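All remarks here apply to the structure that follows.
In our numbering, the protein residues as written are -8 to 484.
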């Protein structure tokens, strides 16, 4: 039975054709993956399905009924629900209150049955496979827990069509498995699930069929049992992509950064070093302290004890300007919140950490800024119509390149990369990895934090595994395996 059918959907924004006759069919009892590079049209299609955007042409059908004028409320009434990478919950309300607001009827004088509300929330959370206290405020929940609350809301709304947009971007392996159990239970119950992800290994595990979008067009729909990953990548990018993990041996030099018994708010007695030309992978589960370590090294979190040494000398880093002065760059995990200023021009974002180099007498030298931005745009192959386009108008992969360019502008000796390829497409991922190899070959010392074990294993010269705010162990590239990394992360070694 077909739950959802989109036929020849077209949409343009300000003369730019975002969708060019896209078609998609979702069946009952199916997990249907939707893949494509950033900018391929996935988000626009989902916004049309959920009623946030109206198509210019094409036909949308839900359970055999043509939808004439879709809206978010109408989509909800048709049993369509979406869970996005950034959950849309009220942070100062409890889990039960968030679920109640989504599911309970409106009324000016309606009395709230608190016992019934809490009971329903507990029941839905249990069906979603979560052990979350319904009385907790959402602000105290982790991102994975918030996503589960969104899924619980969809279950409570009796959604027949569930759209999951990059649902595992911030999940640990264990949390991914738990989410997959919930998805399989929903599929077995007759629901249809549209699963959007850049992680092809996950798609092969959870999805039944896959539709590929490229440049606003639906290129192909395949049964996942009949398609190889290499073919899927070719369909997505329209060409053969260089190796996703293009790691190569480069000369390893002297120690650039050394940390001795470092302590801060969330890390305890951390010691490690990284050399010129080396990529040190920092692995661990969510909450292990990896991002907190990066923030301490960059001066965002105060040092409470221990020592940081650069080129053999002890240094004090009390603020990001201190770190920048010492030639330390930091690419943060959340690019939209901390990596770029979406409303600012690309050139302005790229020069933000090196204003002294593009200023005269306290004023920005437009020519100097333009030359810097042009060099970085060319070096990183940023796809943009103009150096002065708003950064928010770019695809996710190109936003990440702009964020990286800001730090390349200071010619850093140490680069800390926190989830450098999270939420970017396979083509951009390959390009970012290639750039990392090139930077290491020039003698840069790189610390790479990643929750993707294939990335950690594929790009690291050496791997340090964190657990509970400490370094649980180190592995060389030769001896590292997924099993050994996970054993250290879980405290089983």
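Yeah, the Cβ is synthetic: ideal placement off N, Cα and C, and Gly gets one too. What you are looking at is a predicted structure, and each value in this text was computed from that prediction instead of being measured.
Sorted by chain position, which residues of the same chain lie with C-beta nearer than 6 Å to residue 251's C-beta, five sequence neighbours on each side aside?
Taken in chain order, the residues that qualify are 262, 297, 298.
Hey, is the region 442 to 460 in contact with the region 473 to 483, meaning 3+ C-beta pairs nearer than 8 Å?
The region 442 to 460, when compared against the region 473 to 483, does touch it at the 8 Å Cβ threshold.
Less than 7 Å between the beta carbons of residue 319 and residue 344, yes or no?
Cβ atoms of residue 319 and residue 344: not closer than 7 Å.
Tell me, please, whether the region 385 to 400 touches the region 33 to 46 by the rule of three or more beta-carbon pairs shorter than 8 Å.
Contact fails: fewer than three Cβ-Cβ distances are below 8 Å.
What is the rounded straight-line gap between the Cα of residue 107 and the Cα of residue 113?
C-alpha separation (whole angstroms): 10 Å.
Which residues mark the beginning and the end of the beta strand (DSSP E) in which residue 40 is found?
Per DSSP, residue 40 belongs to no beta strand (DSSP E); it is in the alpha helix (DSSP H), 33 to 40.
What residues in its chain sit with their C-beta under 8 Å from that of residue 349, if we drop five residues either side in the sequence?
Cβ within range, chain order: 342, 355, 356, 359, 360, 363.
Compare the C-alpha of residue 202 against each of 368, 387, 415, -3 and name the closest.
Checked all of 368, 387, 415, -3; the closest Cα to residue 202 is -3.
Would you identify the three-state DSSP class for residue 419, choosing helix, strand or coil?
Three-state DSSP puts residue 419 in a helix.
According to DSSP, is residue 483 part of a helix, a strand, or is it coil?
Coil.
Is it true that the CB of residue 373 sits closer than 7 Å to the CB of residue 237?
It is not a contact, given that the beta carbons lie outside the stated cut-off.
Taking the beta strand (DSSP E) that residue 260 falls in, what are its first and last residues?
Neither: residue 260 is in no beta strand (DSSP E) and is coded neither H nor E.
Can you tell me where the beta strand (DSSP E) with residue 11 in it begins and where it stops?
Residue 11 -> beta strand (DSSP E) spans 7 to 18.
Mark residue 219 as exposed unless 16 or more other C-beta atoms lie within 10 angstroms of its C-beta, in which case mark it buried.
The residue is exposed, with fewer than 16 neighbouring Cβ atoms inside 10 Å.
Can you grab the Cα-Cα spacing for the pair residue 1 / residue 11, in whole Å?
Roughly 5 Å separates the two Cα atoms.
Should residue 414 be labelled buried (16 or more other beta-carbon atoms within 10 Å of its own) or exposed?
Counting Cβ neighbours within 10 Å, residue 414 comes out buried, since at least 16 surround it.
Alpha carbon to alpha carbon, how far is residue 273 from residue 280? Give it in angstroms, no decimals.
Going from the Cα of residue 280 to the Cα of residue 273 covers about 10 Å.
Any idea what DSSP makes of residue 439, helix, strand or coil?
The answer is strand: DSSP assigns residue 439 an E or B state.
At 4 residues or longer, and completely inside the region 53 to 133: list those alpha helix (DSSP H) runs for me, N to C.
Listed in chain order, the complete alpha helix (DSSP H) runs (minimum 4 residues) inside the region 53 to 133 are 63 to 68, 86 to 94, 105 to 118.
So the alpha helix (DSSP H) residue 23 belongs to, where does it begin and stop?
Where residue 23 is concerned, there is no enclosing alpha helix (DSSP H), although the beta strand (DSSP E) it sits in stretches over 21 to 26.
Would the region 15 to 30 and the region 202 to 215 be scored as touching if the rule is three or more Cβ pairs under 8 Å?
At 8 Å Cβ cutoff, the stretches touch.
So residue 485 and residue 188 are in contact, right, with Cβ under 8 Å, and what is the actual spacing, rounded?
Past the edges of the chain, shown from -8 to 484, lies residue 485, and the structure says nothing about it.
Measuring straight from C-alpha to C-alpha, what distance separates residue 247 and residue 184?
Whole-angstrom Cα-Cα distance: 48 Å.
Which whole-angstrom value is the C-beta distance of residue 337 and residue 382, which I expect to be below 8 Å?
Between residue 382 and residue 337 the Cβ distance is about 5 Å, and since that is below 8 Å, they are a contact.
Identify whether residue 218 lies in helix, strand or coil by the three-state DSSP scheme.
Coil, per DSSP.
Is it right to say residue 86 is buried, meaning 16 or more other beta carbons lie within 10 angstroms of its own, or is it exposed?
Buried, since its Cβ has 16 or more Cβ neighbours within 10 Å.
Any idea which residues DSSP pairs residue 208 with across the strands?
For residue 208, which the question treats as bridged, DSSP gives the partners 205.
Contact check, residue 420 vs residue 228 under 8 Å by CB: the rounded distance?
Actually they are not in contact, since the Cβ atoms of residue 420 and residue 228 sit about 11 Å apart, beyond 8 Å.
Would you kindly report the start and end of the unbroken beta strand (DSSP E) that includes residue 465?
Note, residue 465: beta strand (DSSP E), 461 to 467.
Mind checking residue 24: buried by the 16 CB within 10 Å criterion, or exposed?
Label assigned to residue 24: buried.
Give a yes or no on whether the C-beta atoms belonging to residue 152 and residue 115 are separated by under 7 Å.
Not closer than 7 Å, so no.
Below 7 Å CB to CB, which residues in the same chain sit around residue 67 once its five sequence neighbours on both sides are set aside?
Contacts found: 148.
Can you check whether the CB of residue 53 is closer than 7 Å to the CB of residue 17?
Not closer than 7 Å, so no.
Give a yes or no on whether the C-beta atoms belonging to residue 321 and residue 407 are separated by under 7 Å.
A contact, by the Cβ cut-off of 7 Å.
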